[in-house]
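Residue numbers (the numbering used here): 1 to 508.
Here it is in structure tokens:
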């Protein structure tokens with residue numbers, strides 16, 4: 001087979017961290033290569049080197065047999081390397097078509113040729129089987145459509161090598177299936193794909209070969225058809241991992257801690273996103289909320305947390321009506337909140353770790369008193385949470401933005417669940433983009449809270465997670481809530497049916 005990429009003895013060191021240590025890989029044309037490993041394993045650093053975003057301290061890179069110096073991403077793109085980041089880089093106010101050709105727009109008489117843009121983007125969309133509405137604003141596009149636009153942006157620039165960083169982190173099962181079909185078509189057309197992921201089931205489904213990294217080194221490369229998730233997980237973290245059902249069956253729920261009565265909520269376009277939703281969350285219960293992204297999940301959560309106006313209906317927290325109450329008052333009523341976007345809503349990235357750890361409690365003891373902040377108490381609290389929630393940071397004074405995504409998520413969970421005795425926990429996509437050990441830790445923390453009497457509302461696009469943790473499951477479809485029932489052997493089938501809009505079991 002024709003060699004597309006050869007990486008030889010790549011090293012990269014940051015102050016106190018050996019991100020890549022003598023990395024050597026060979027990847028063939030038309031191959032789908034999965035790169036897996038924990039957060040901090042060195043995957044992203046290696047991919048950033050390959051895309052020209054940072055320079056190696058040592059080692060060589062060969063593209064199609066020729067040694068290259070990837071001084072920046074422009075050089076990488078000129079050599080046929082494209083990258084789709086986990087957090088998309090689209091301009092929200094531009095159409096998808098404009099985003100795809102941004103910077104290399106076809107022109108006519110010194111002016112941007114809009115007709116040519118539409119024609120050229122449509123041609124490449126059809127060629128690679130990546131359907132999008134090119135006139136749709138990026139801000140209004142679904143997550144799956146935004147990702148297809150990012151892929152087309154790379155292909156439009158002539159990419160033969162595609163680097164995909166956690167491409168399924170924000171996709172539902174159906175969107176993931178569609179993505180995999182597209183990737184297989186691209187590989188059949190000779191494109192080389194590097195697929196970074198934490199989701200081993202998906203790695204096994206899509207890749208030809210899998211490279212495992214740990215602590216900056218390559219542990220091994222295996223044919224995906226000759227391995228399984230247990231072997232890969234053990235290679236990744238050096239020990240056996242948990243899988244399957246984590247929640248004990250037959251747990252008896254207690255009193256109602258959160259109730260929604262005929263709640264209706266509008267979205268940013270003033271359309272009804274949540275339609276007459278009725279829901280009860282009990283103490284000692286994990287209630288899973290499944291559904292395709294964009295069916296009202298975010299609007300529902302934001303309404304519960306006082307971040308979005310409730311058009312009609314009531315929200316009751318522990319017998320208190322919080323329908324039109326501030327977020328601060330809702331928190332004081334006993335609700336902890338783990339948001340889906342840790343960077344946008346979870347932390348202030350410019351602030352120190354200790355500042356984010358006390359962000360929910362800065363205005364009352366023991367964090368503050370009559371004369372303001374209490375530095376000794378804050379230091380003790382920060383150390384306790386860093387230790388208990390295994391937040392990897394050089395100190396509590398580290399800028400939060402310097403932490404990995406997994407450690408930022410641990411920080412958020414520590415802040416929300418480590419200080420206060422919440423009666424209800426609203427957890428939205430709590431393990432999205434997190435490595436195996438981080439995912440295990442967060443899931444155990446949520447279950448521990450439920451076992452100690454709290455109610456946990458788990459909103460997740462990861463069906464495996466919903467089934468592993470929940471006592472019962474509801475599904476959001478088109479803003480309506482439907483009951484999938486308690487978790488049993490048939491729960492996955494029922495959820496799948498309800499996610500297609502079958503209204504049997506609709507909660508009223």
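In this text, a Cβ means the ideal position worked out from N, Cα and C, and glycines have one as well. It should be emphasised that the depicted structure is a prediction, and the values quoted were computed from it without experimental measurement.
Have a look at residue i and residue j and give me their C-alpha separation to the nearest angstrom.
{"i": "residue 104", "j": "residue 76", "result": "16 Å"}
{"i": "residue 73", "j": "residue 160", "result": "15 Å"}
{"i": "residue 121", "j": "residue 182", "result": "17 Å"}
{"i": "residue 249", "j": "residue 486", "result": "9 Å"}
{"i": "residue 3", "j": "residue 28", "result": "4 Å"}
{"i": "residue 492", "j": "residue 411", "result": "32 Å"}
{"i": "residue 478", "j": "residue 339", "result": "21 Å"}
{"i": "residue 203", "j": "residue 86", "result": "16 Å"}
{"i": "residue 324", "j": "residue 316", "result": "11 Å"}
{"i": "residue 12", "j": "residue 386", "result": "27 Å"}
{"i": "residue 508", "j": "residue 280", "result": "Below a pLDDT of 50, predicted positions are generally treated as unreliable, and residue 508, at 29, falls in that range; the measurement from the model is reported next regardless. Approximately 11 Å between the Cα atoms of the pair."}
{"i": "residue 173", "j": "residue 191", "result": "24 Å"}
{"i": "residue 498", "j": "residue 294", "result": "15 Å"}
{"i": "residue 81", "j": "residue 68", "result": "12 Å"}
{"i": "residue 464", "j": "residue 374", "result": "43 Å"}
{"i": "residue 231", "j": "residue 201", "result": "12 Å"}
{"i": "residue 236", "j": "residue 461", "result": "24 Å"}
{"i": "residue 46", "j": "residue 14", "result": "13 Å"}
{"i": "residue 404", "j": "residue 438", "result": "11 Å"}
{"i": "residue 363", "j": "residue 257", "result": "25 Å"}
{"i": "residue 505", "j": "residue 376", "result": "For residue 505, the predicted structure reports a pLDDT of 46, less than 50, and the residue's modelled location is therefore unreliable. The matter cannot be settled from this model."}
{"i": "residue 227", "j": "residue 434", "result": "22 Å"}
{"i": "residue 389", "j": "residue 496", "result": "34 Å"}
{"i": "residue 510", "j": "residue 54", "result": "Past the boundaries of the shown model lies residue 510; the chain is included only from 1 to 508, so the question cannot be answered."}
{"i": "residue 489", "j": "residue 79", "result": "50 Å"}
{"i": "residue 175", "j": "residue 367", "result": "44 Å"}
{"i": "residue 17", "j": "residue 253", "result": "46 Å"}
{"i": "residue 115", "j": "residue 189", "result": "28 Å"}
{"i": "residue 52", "j": "residue 195", "result": "17 Å"}
{"i": "residue 409", "j": "residue 480", "result": "29 Å"}
{"i": "residue 213", "j": "residue 233", "result": "11 Å"}
{"i": "residue 198", "j": "residue 424", "result": "29 Å"}
{"i": "residue 365", "j": "residue 125", "result": "58 Å"}
{"i": "residue 35", "j": "residue 440", "result": "20 Å"}
{"i": "residue 57", "j": "residue 349", "result": "28 Å"}
{"i": "residue 384", "j": "residue 332", "result": "22 Å"}
{"i": "residue 91", "j": "residue 453", "result": "44 Å"}
Compare the Cα-Cα distances from residue i to each of the options and report the closest residue.
{"i": "residue 88", "options": "61, 154, 299, 124", "result": "154"}
{"i": "residue 587", "options": "123, 193, 115", "result": "Coverage of the chain is limited to positions 1 through 508, which leaves residue 587 absent and any answer about it impossible."}
{"i": "residue 455", "options": "465, 461, 469, 462", "result": "469"}
{"i": "residue 64", "options": "26, 47, 303", "result": "26"}
{"i": "residue 7", "options": "314, 1, 14, 21", "result": "21"}
{"i": "residue 269", "options": "449, 139, 441", "result": "139"}
{"i": "residue 1", "options": "311, 31, 215, 126", "result": "31"}
{"i": "residue 330", "options": "311, 360, 101", "result": "360"}
{"i": "residue 345", "options": "384, 365, 265, 429", "result": "429"}
{"i": "residue 400", "options": "354, 368, 271", "result": "354"}
{"i": "residue 379", "options": "395, 371, 391, 343", "result": "395"}
{"i": "residue 347", "options": "402, 466, 210, 147", "result": "402"}
Residue j and residue i - do their beta-carbons sit closer together than 9 Å?
{"i": "residue 352", "j": "residue 407", "result": "no"}
{"i": "residue 137", "j": "residue 83", "result": "no"}
{"i": "residue 447", "j": "residue 247", "result": "yes"}
{"i": "residue 458", "j": "residue 289", "result": "yes"}
{"i": "residue 308", "j": "residue 302", "result": "yes"}
{"i": "residue 336", "j": "residue 426", "result": "yes"}
{"i": "residue 59", "j": "residue 128", "result": "no"}
{"i": "residue 149", "j": "residue 186", "result": "no"}
{"i": "residue 144", "j": "residue 178", "result": "yes"}
{"i": "residue 19", "j": "residue 37", "result": "no"}
{"i": "residue 450", "j": "residue 285", "result": "yes"}
{"i": "residue 334", "j": "residue 273", "result": "no"}
{"i": "residue 476", "j": "residue 291", "result": "yes"}
{"i": "residue 494", "j": "residue 169", "result": "no"}
{"i": "residue 474", "j": "residue 287", "result": "yes"}
{"i": "residue 215", "j": "residue 266", "result": "no"}
{"i": "residue 356", "j": "residue 443", "result": "no"}
{"i": "residue 296", "j": "residue 320", "result": "no"}
Check the C-beta distance from residue i over to residue j and give it rounded, since I have them as a contact under 8 Å.
{"i": "residue 445", "j": "residue 417", "result": "6 Å"}
{"i": "residue 208", "j": "residue 328", "result": "52 Å between Cβ atoms; not a contact."}
{"i": "residue 23", "j": "residue 277", "result": "Not quite, the Cβ-Cβ distance comes to about 49 Å (not below 8 Å), so this is no contact."}
{"i": "residue 259", "j": "residue 283", "result": "Incorrect: roughly 12 Å between the Cβ atoms, too far for contact."}
Flag residue i as yes when its Cβ comes closer than 8 Å to any non-hydrogen atom of the ligand ZN, and as no otherwise.
{"i": "residue 201", "result": "Ligands are entirely absent from the displayed structure, and the ligand ZN is therefore not among its contents."}
Start-end ranges of the beta strand (DSSP E) lying completely within the stretch 197-231, minimum 3 residues = 209-214, 217-223
Can you list, in chain order, the stretches of the alpha helix (DSSP H) that have 4 or more residues and sit fully within the stretch 35-87?
-> 43-50, 73-78
Residue ranges of each beta strand (DSSP E) run of no fewer than 3 residues wholly in the stretch 424-484, ordered along the chain?
-> Look at the stretch 424-484 and you find these whole runs of beta strand (DSSP E), each 3 residues long or longer: 424-428, 455-459, 472-477.
Can you list, in chain order, the stretches of the alpha helix (DSSP H) that have 4 or more residues and sit fully within the stretch 241-317?
-> 297-304
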